[in-house]
Structure formats: structure tokens, C-alpha cells
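**Q** Below you will find the structure I want to go over with you.
2 protein chains.
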Amino acid sequence: MAQKTYDPVNYDIENAESNRWKKQFEMFEACGKKSNPDNISKITLKLQDIQDAHTRIKNDVVHTPVIETKYIGKDFCNVFLKCENFQHTGSFKARGSCNVLSSMSPFEKSKGCTVSGSRNFLYAISYYGFRQSVPINVIVPTNCPIADKQRYRENFAIVKVHGNDINEANLHALTYSSESGSTYIHGSDRLDLLAGYGTLGLELLTQMDTMDAILCPVGTGGLVASIVLAVKSLKPKCLIYGVECAAAPAMTKALQEKKPTMIQPNSTVADSLTNTIISNNAFNIIRGYIDRMITVEEGWISRAMINIMEREKMIVEGAAACPVAAIMAGKVPELRGKTVVCILTGGNINSSRVSRAIDRGMAAAGRLVKFSVTIPDVPGAMAKLLCRVTEQGAEIKSFVPERAWMRRDIFSVSVNMLLETSDFNHAKVLEKKLSKDYPHSHFIML
Amino acid sequence: MAQKTYDPVNYDIENAESNRWKKQFEMFEACGKKSNPDNISKITLKLQDIQDAHTRIKNDVVHTPVIETKYIGKDFCNVFLKCENFQHTGSFKARGSCNVLSSMSPFEKSKGCTVSGSRNFLYAISYYGFRQSVPINVIVPTNCPIADKQRYRENFAIVKVHGNDINEANLHALTYSSESGSTYIHGSDRLDLLAGYGTLGLELLTQMDTMDAILCPVGTGGLVASIVLAVKSLKPKCLIYGVECAAAPAMTKALQEKKPTMIQPNSTVADSLTNTIISNNAFNIIRGYIDRMITVEEGWISRAMINIMEREKMIVEGAAACPVAAIMAGKVPELRGKTVVCILTGGNINSSRVSRAIDRGMAAAGRLVKFSVTIPDVPGAMAKLLCRVTEQGAEIKSFVPERAWMRRDIFSVSVNMLLETSDFNHAKVLEKKLSKDYPHSHFIML
Chain H
0 MAQKTYDPVN YDIENAESNR WKKQFEMFEA CGKKSNPDNI SKITLKLQDI
50 QDAHTRIKND VVHTPVIETK YIGKDFCNVF LKCENFQHTG SFKARGSCNV
100 LSSMSPFEKS KGCTVSGSRN FLYAISYYGF RQSVPINVIV PTNCPIADKQ
150 RYRENFAIVK VHGNDINEAN LHALTYSSES GSTYIHGSDR LDLLAGYGTL
200 GLELLTQMDT MDAILCPVGT GGLVASIVLA VKSLKPKCLI YGVECAAAPA
250 MTKALQEKKP TMIQPNSTVA DSLTNTIISN NAFNIIRGYI DRMITVEEGW
300 ISRAMINIME REKMIVEGAA ACPVAAIMAG KVPELRGKTV VCILTGGNIN
350 SSRVSRAIDR GMAAAGRLVK FSVTIPDVPG AMAKLLCRVT EQGAEIKSFV
400 PERAWMRRDI FSVSVNMLLE TSDFNHAKVL EKKLSKDYPH SHFIML
Chain U
0 MAQKTYDPVN YDIENAESNR WKKQFEMFEA CGKKSNPDNI SKITLKLQDI
50 QDAHTRIKND VVHTPVIETK YIGKDFCNVF LKCENFQHTG SFKARGSCNV
100 LSSMSPFEKS KGCTVSGSRN FLYAISYYGF RQSVPINVIV PTNCPIADKQ
150 RYRENFAIVK VHGNDINEAN LHALTYSSES GSTYIHGSDR LDLLAGYGTL
200 GLELLTQMDT MDAILCPVGT GGLVASIVLA VKSLKPKCLI YGVECAAAPA
250 MTKALQEKKP TMIQPNSTVA DSLTNTIISN NAFNIIRGYI DRMITVEEGW
300 ISRAMINIME REKMIVEGAA ACPVAAIMAG KVPELRGKTV VCILTGGNIN
350 SSRVSRAIDR GMAAAGRLVK FSVTIPDVPG AMAKLLCRVT EQGAEIKSFV
400 PERAWMRRDI FSVSVNMLLE TSDFNHAKVL EKKLSKDYPH SHFIML
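In order, the protein sequences belong to chains H and U.
Going by numbering that gives the first Met the number 0, the first sequence opens with residue 0, and the numbers climb by one from there.
Going by numbering that gives the first Met the number 0, the second sequence opens with residue 0, and the numbers climb by one from there.
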């Protein structure tokens, strides 16, 4: 067979993309079958499994607080936040990982585990691996950030870099586990993982006497499925809504198609919800029991993140902000006056991303605007411009004069500014005033 | 008398500064005497006052959670965080403000209040003013940020702008209150304010069975004084440490001088601890009872803030991070193995400041470094430089080529870069490798 070569001109991007996702799907199927024989069967979780998991892990996970919001949902409904961002390793994945490892036999534990998958799962499994003396081999692709590798190593996991993406890493993890005799743990869709997640639901029932609805982020669907099982069994009247980002509505698609169906996710700030397909077990549990699926747009997710930070004083990752985004975007009018619990699934966001999320959230809320203006290139003109802007109460975040790249005469200079305003109204007043003084200008609001 | 003119050459900055502080001190004295006749007397707070306040306000303030840290203090001591950043209006000032207003007679309430002072106090008093139907006049100086004025107005406070700084605003508040017949409320050193703060101590005693020490930020000293009174009365063996920022060690100075003494504070990230002098009542309660005063440097405060954000998933203001900074900086070796509660006093930090605090914290931890290098101004040289840097695992945050402002020949270009590294060790390895390839370069680490 002739060797395929990479042709940068005739490279079919769209096909390549769909091939990539197809490959991921096959890999997912392969990994799923290998690790979890009941994956494609109809065998689902029982409430008893979750209750057993609760007994097993309750002393090893954080009993996370439920905090009433002070601002979010104000004048609309009573919002409570279940803070899994305060869980060990910063996400609910701790519950599942702890349960999986705690259920292993001493012999299996001594042989160790091999894992690959999402950041939050890998944090959690290496944390509990160390605490339960289970050697953990973490397989990551070459594009894995340094900070992540460092966090796995902090818990003495053995980090092996293999493959160019998560699929290749996953495949290597399978091979490596059979070679080394260690247990391969798939990062979603294992029943013992789901049973661990479900303890969040049981815990919540003890914390909230009255709750009308739970809003839960949905990625592969494991968490929401286990909460549906735990809560609907014991408190059938409580509504449970799943919230997906519009960039990756895998569960919505699955429910439409009546089976897990592959999608092509787009890039999103809620990166841990980016999946090509939901898990089989989750789907089998959910269908018929989940009350609604909601999708939220990127802008609302950023705005929700900034509100959670500014008003509720907590750091959450994009995925965790989705339920709050659904409320803010007015997607749940039927919950007016109700008591609603939003699951803050995790808080693992890189610090430099926090800054970016703040900027995006501010732009989406009209608190950052772009202002481009052409002024005469004479002494004092720039100073005057800055005074005008400042007088209107806007703060100047950046100021870039541009002389080369413009069509007007050489006696003019174009200036691009990023301005901080208090909200859309303020931005609009500012636009009106400035466009009077500077007719050759324009404003960009998101 | 001849009019004084401003002489930019012979202007005595040092004198002007000390005059400014002297003026503030006199203002403070004037306001204190006016508002609170027992200010300079020896009458201090009683435990009973705090217990009464607790009964009065407990249903109107948040019973804030105590959260065990997952990372801070690891392998050294058990650290718990008392999360007043989750309090109504985002700080412990809610407790004092609620108590002051709740103690007023219906007649006084109907006449309203006039206030000026720190941001956190004004948030809190306008919040409870609205809820208890007390009209609140907030006097702010011209340099008050728009966002703050907006938050006061959200609670229907009447915001009046007067004076160029907080002293002039304070003075106007005094005049305005006597003209309008409304009650003037001084933002620190009132006994009913302190009694409200003390409820934090009582609440903490019900939440923590075992605690060996409490670390509390110190500004004018009101909070720490009321905690000393509440906790030392009921649990005398619990150590209580006050933590100040090195930029404004007013309490340390007062204890040395055996009386409240004026200092000249420097600018600090812990801006709400910036005071010229501590309050008399606080001093009278504290002396003889506080176990230690600690000061922490700016770099450690930023590092503490970033650790609380990244690892504990919470937003705090600079002041609130001081106790954690004291532990991280190794200032409390005697607490090894102990159970320590750090009071997170508040979380009111402007979002654009959060980004700045992240950058400072990262720089202080060796995770942001500056790299300046001179390279030949030929095609491909810049691309090669960026490849070299990226190969070493550093992320490029900014890249600014400079051609005009340099001493070397015109065939060279100087490049200033801001690089993200994983820690000091990584930064040092990077420096070593790059200085081999680029002899005309230098690294700056904080």
C-alpha cells in the first residue's frame, strides 16, 4: 500500500474533522467494551448501588456545602448552589473515582491502574490512587498542558506521554494496561463510577428539605443520570433538568434520535462538556425520567461565570456555570418563584483562562466595548480624545494608535481603544456623546 | 492673607503627604467624637452585647460556612476558612451594619442615616438600609468608582458626590447629617458595630469543636477585637493572631507605642486594610489579650490570593488573603500540626483587579517571567525565537518587538516577552537554555 502523504493544498478539512470524530467514536466504543462489559447492555444502576457507594466513600469525600445565592435569580426564583467545586480535586469526579478504587480487591489494587481521559477525572483518580496506595499510570497526549501533568505527579501518578490526541492516548492506555497487567479504568460510563456520582444526589436530599428543581450540567451524561436515579427514586416530584452548551448538545441529539448519536462539537468555554457522544448507561437511565434538556449559548456561559465570581465569590469552570446561565438567559420561565438547585460541578480552570473568561463575560454584558476613531495626527489630539472618554466615566483598558494600515490621508491617525463601561446603557450613552465629537468613529459591542 | 500657589518645583511632597495624613487623623478624631461619645473613654464592649447582637441579627445575616482547605497548609497544619466572603454584600461588615440599624428606634429609622467610609461598609449599610426601610445617604468623594456608586444605588441609597478624598466626604457627611437631622454612622469604632462583628466569633465557636488558633486580618482592628472578646471569654485557650499587611502595620505600631498611633500607610493589594490609625475601642479590648501580631508582605498576599482562587475555588479580596499569606510565608512555625481558622473577611474585588491580582500572584510564584532579547532583524529570526521558547514548554503571553528605542545597530531588533512557566525551577531551566542560544538576552523574575 502506498504511503499517504499530507497535502496542505488539497487537504479536506471537513472530511478530516469528521474522520477525527469518527475515530474518536470508534475508540470510545472499543474502550467502553473493553473496560465495562455491561456498557451496551440494558443493565442499569440501582438505587441500592448508590446507597452502598455512599456508605463506602462518605468519609473520603467532602460533604460539600449548599449555598444560597445572593444575586443570581434575584426577583425570579430562589437559587441554591451545590458546591462540588469545593470537592477534593475540585470536581464531582472525586466521588466516582473514590468509589471505583474503593471497590477494587487488594490484589487488583496492588497491580495498579491505567487511565486516560478528561482532566478532572485524571486529577481525581490520581488523588485517590495515592491515598489508597494504588499505583496510577496516567497516559496523556503530547498536547497535555504542563500544569496538568504536574498536578498528576503531585499525587505520585506515573505520567506517560503518548499520541497526538486523547484518542491515541486512550488506545495506548488500553494496550499498556494489558501489557502491564494493571486495570484499565474508562473515565465515563462505568457503573461504579456512576454509583459514586449518585452520592451527590443522596447528599443533596439531606441538605435541602424543599427543592422544586435541580439543574445539572450534561457532558457524557453520567452525573445527571445518577442524580436522576437517586433523586427521582426518593423524591419523585423534584424536577431534574439537564443543561448542555449549545456547542455540544449530545444529549439533546440522543433524546431526539432515541439513541446515543455522534455529534461534532464546537469549541466552547465549557470545555469539559465537549463530547462526541453520550454514554449508553447514562442514556438508558435518563430517558423517560429527565424532565427537560436545555442548551445555553457561549455568551450566557461567560456572563454566568462572571456573576458567580463577582456576586457569589466562587471560581467555577465553564461547564459548572451552565445551569446558572440557563436561569440568566430566561430559559426556565416555568421555575418562577421556585426553589432551584444548580450543581456547580467543578472549579478547575486555569488561572490565565480566568482572566480571559472575565474579559469575555464583561464584553457579553456590555462592560467592555471597542471604540475605533480617526483623529488628526496633531499634538494634543490624542490627549483630548482620552479626556473626552474619561469624562464620560469610561475606563481606558488599552489604547493602540495605528498609522500605517489606513486608507485616509497621512495627516490622520486611527486609534483603537478597549473601554470599560458599567453596562450596556452606559456604553450606549458613551457612544452617543462620542459620535457627536468624533463623526469618524465606531463602537463595537458584543 | 496672600493666596498660596502650587509650585511644582518646590512642592514638598513628604510634608504634603504627612499633612494629608494629619488632616485625616484630625477628621477621624472629629468624626469619632461626634458619632460615638464613648469612643475615647475606657468603656468597652461586653460579651453580653455580642450575645444580644447575635439574637438580634442571626436571621438576617448568612450563617457562613467553614470550609477545610484542600491544599493550603498541606503537610503543615489543618487550615479551615471561615467564609465571610459569602456573607450578604460579600463581607463581615454586614454583621455590624445590620446590628447598628436593627438597634435604632423607629423614629431614628424614619429620619434616615448619613454615612461615608470604606466600600465594604457602604455596601452593607445600603443593603440593610433598604431591607429595614431606613433611607441611607451615602457621601462619596469624586474619585469613587462608578461600579461602587451603582451598587449603592441598587439598594436605593441616595448617593451624593462631595470632596476630593474620603476625608472631605467624611466631613461633608457630618455637616449633612446635622443639617438633615439624619443619624451619622461612623464606619468603625462604634460599639454596636463591634458587637455585630463579634457574632462571627460566636458562630465560629458553634462550628468548630476543636480549634487551636484563629488568624484574623486587622485594619482598624474592630473585627479582631470583637472576636478576641467573644472567643477568649468562652474558649480562653484558643490563640488569636492579628495579621496586618506590611504596608499598613497600624496595630503593630499601636501595641509598641501602647496607644493608637498614626502611621503613613503605603499602597497595598489589601486596600481595605489601609488605615492611618486603629480605633480606640478596638485597642482597649485587644491589648493584653491578643496573642500575636503578624505582618505579611505584598508578594505573599498575591500568592495567597491566587492559591485561594486556584486551589480552594474562592474569590477573596487582598485583605482577606492575609491570614493565609502568613501561613504560606512561614510566619507561624509554632502552629505546626494545629487546627487553624483563617477568617476570609470579604470577597469584594473588582473583576478587572482579579486579573491583575492573578498576574501579580503568578509573577511572585515564578510563573510569569520577563524575557528581553536582541536578535538580528532578518526574516525568520522571530519565528525561530518563538519556536525555541515554546519548545521549552513556556507559553508566550505577550510579544513586543522594539526597533526605535535601542542602542545597538539598526540591523537588530529588541524583543520583550512575557512568558508563562510552571514555577521557579522551570523558569530557571528556561533561562539557562535560552541564554545559551541568545547571549544578548536577560530574564527578569520577581
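Ideal Cβ placement from N, Cα and C applies to all residues, glycine included.
In chain U, which residues lie with their C-beta within 9 angstroms of the C-beta of H/Met361?
**A** Ser350 and Ser351, listed in chain order.
**Q** I'd like the ranges of any alpha helix (DSSP H) spanning at least 4 consecutive residues and lying wholly in the segment 345-429 of chain U.
**A** The qualifying runs are 350-363 and 380-390.
**Q** Checking 7 angstroms against the spacing of the C-beta atoms, do H/Leu429 and H/Ala382 come in under that value?
**A** In this structure, H/Ala382 does not lie closer than 7 angstroms to H/Leu429 by Cβ.
**Q** Quick check: is the beta carbon of H/Ser132 nearer than 7 angstroms to any beta carbon in chain U?
**A** By this cut-off, H/Ser132 is not an interface position.
**Q** Could you tell me whether any non-hydrogen atom of the ligand SAM is closer than 6 angstroms to the CB of H/Cys244?
**A** The model depicted lacks the ligand SAM and carries no ligand whatsoever.
**Q** For a cutoff of 7 angstroms on Cβ pairs, would you count H/Glu309 as touching chain A?
**A** Checking the listed chains, one finds no chain A in this structure; the protein chains it contains are H and U.
**Q** Is the beta carbon of H/Met304 less than 7 angstroms from the beta carbon of H/Ala356?
**A** Going by C-beta atoms, H/Met304 is nearer than 7 angstroms to H/Ala356.
**Q** Do the segment 62-82 of chain U and the segment 334-342 of chain U make contact, defined as three or more Cβ pairs closer than 8 angstroms?
**A** Cβ pair count under 8 angstroms is three or more, so yes.
**Q** Using 7 angstroms as the limit for Cβ to Cβ distance, is H/Pro64 near chain U?
**A** Yes, because at least one Cβ of chain U sits closer than 7 angstroms to the Cβ of H/Pro64.
**Q** For H/Asn84, tell me which candidate among U/Glu311, U/Thr88 and U/Thr420 has the shortest Cα-Cα distance.
**A** H/Asn84 has its Cα closest to that of U/Glu311, out of U/Glu311, U/Thr88 and U/Thr420.
**Q** Rounded to a whole number of angstroms, what is the C-alpha to C-alpha distance between U/Lys431 and U/His425?
**A** Taking the straight line joining both Cα atoms gives about 10 angstroms.
**Q** Would you decide whether U/Pro216 is buried or exposed? Buried here means 16 or more other CB atoms lie within 10 Å of its CB.
**A** Buried is the call here.
**Q** Along the chain, where does the alpha helix (DSSP H) that runs through H/Tyr126 open and close?
**A** Arg118 to Arg130 is the span of the alpha helix (DSSP H), which, as asked, contains H/Tyr126.
**Q** Taking only beta-carbon positions, decide if U/Ser271 is within less than 7 angstroms of chain H.
**A** No, U/Ser271 does not count as interfacial toward chain H.
**Q** Figure out for me which residue from U/Asp290, U/Met327, U/His185 and U/Leu222 has the closest Cα to the Cα of U/Ile71.
**A** The option with the nearest alpha carbon to U/Ile71 is U/Met327.
**Q** Can the beta-carbon of H/Ile157 be found less than 7 angstroms from the beta-carbon of H/Cys97?
**A** Going by C-beta atoms, H/Ile157 is not nearer than 7 angstroms to H/Cys97.
**Q** If H/Pro259 and H/Ile284 are in contact, beta carbons under 8 angstroms, what's the gap, nearest whole angstrom?
**A** That pair is no contact at about 12 angstroms.
**Q** Against chain H, does U/Gly346 count as a neighbour if the rule is that its beta carbon must be under 7 angstroms from one of theirs?
**A** True, the Cβ-Cβ gap to chain H drops below 7 angstroms.
**Q** If you reduce the DSSP assignment to three classes, tell me which class H/Val227 lands in.
**A** If DSSP states are grouped into helix, strand and coil, H/Val227 belongs with the helices.
**Q** Just the chain U side, please: which residues come within less than 7 angstroms of H/Gln149 by C-beta, in chain order?
**A** What H/Gln149 touches in chain U: Ser421.
**Q** With a threshold of 7 angstroms between beta carbons, is U/Ile326 in contact with chain H?
**A** Not an interface residue.
**Q** Taking C-beta pairs closer than 9 angstroms, name the residues in chain U that H/Asn58 reaches, listed in chain order.
**A** Going along chain U, no residue has its Cβ under 9 angstroms from H/Asn58, so there is no contact; the nearest lies around 13 angstroms.
**Q** Could you list the residues in the segment 85-101 of chain H with a C-beta less than 9 angstroms from some C-beta on chain U, going in chain order?
**A** Those residues of the segment 85-101 of chain H that come within reach of chain U (Cβ to Cβ, closer than 9 angstroms) are Phe85, Gln86, His87, Thr88 and Gly89.
**Q** What are the residues in the segment 377-395 of chain H lying within 7 angstroms of chain U by C-beta distance?
**A** Of all residues in the segment 377-395 of chain H, Gly392 have a Cβ within less than 7 angstroms of some Cβ in chain U.
**Q** Report all residues from its chain with a CB closer than 7 angstroms to the CB of H/Thr43; omit the five preceding and five following residues, and keep chain order.
**A** So the qualifying residues of the chain are Asn280, Asn283 and Ile284.
**Q** For H/His441, write down the residues that DSSP places opposite it in a beta bridge.
**A** Answer by DSSP bridge pairing, in chain order: H/Ser371.
**Q** Classify U/Phe106 as helix, strand or coil using the three-state DSSP reduction.
**A** Of the three classes helix, strand and coil, the one that applies to U/Phe106 here is helix, per DSSP.
**Q** Which residues share a DSSP beta bridge with U/Glu67?
**A** Looking at the DSSP assignment, U/Glu67 forms a beta bridge with U/Phe79.
**Q** Could you check whether the Cβ of U/Ser354 sits closer than 7 angstroms to any Cβ belonging to chain H?
**A** Chain H contact via Cβ: present.
**Q** What does U/Met313 pair with, by DSSP beta-bridge criteria?
**A** Answer by DSSP bridge pairing, in chain order: H/Met313.
**Q** Less than 7 angstroms between CB atoms is the rule here; does U/Lys369 satisfy it with respect to chain H?
**A** No, U/Lys369 lies away from the interface with chain H (no Cβ there is under 7 angstroms from its Cβ).
**Q** Specify the secondary structure class of H/Ile135 as computed by DSSP and reduced to three states.
**A** H/Ile135 falls in the strand class under three-state DSSP.
**Q** Below 8 angstroms, how does it come out for the segment 124-140 of chain H and the segment 262-276 of chain H: are there three or more Cβ pairs, yes or no?
**A** With the cut-off at 8 angstroms, the segment 124-140 of chain H and the segment 262-276 of chain H do not touch.
**Q** Write down every uninterrupted run of the alpha helix (DSSP H) in the segment 237-313 of chain U whose length is 4 residues or greater and which is fully enclosed by it, in chain order.
**A** Taking only runs of at least 4 residues, the alpha helix (DSSP H) segments lying wholly in the segment 237-313 of chain U are 249-256, 279-285 and 297-309.
**Q** Using a C-beta to C-beta distance shorter than 8 angstroms, which residues of chain U count as neighbours of H/Ile145?
**A** The contacting residues are Gly392, Ser421 and His425.
**Q** With a CB to CB cut of under 7 angstroms and the five nearest residues on each side skipped, what residues in its chain are close to U/Met250?
**A** Cβ neighbours of U/Met250 beyond the five flanking positions: Val217, Gly220, Gly241, Glu243, Ile277 and Met292.
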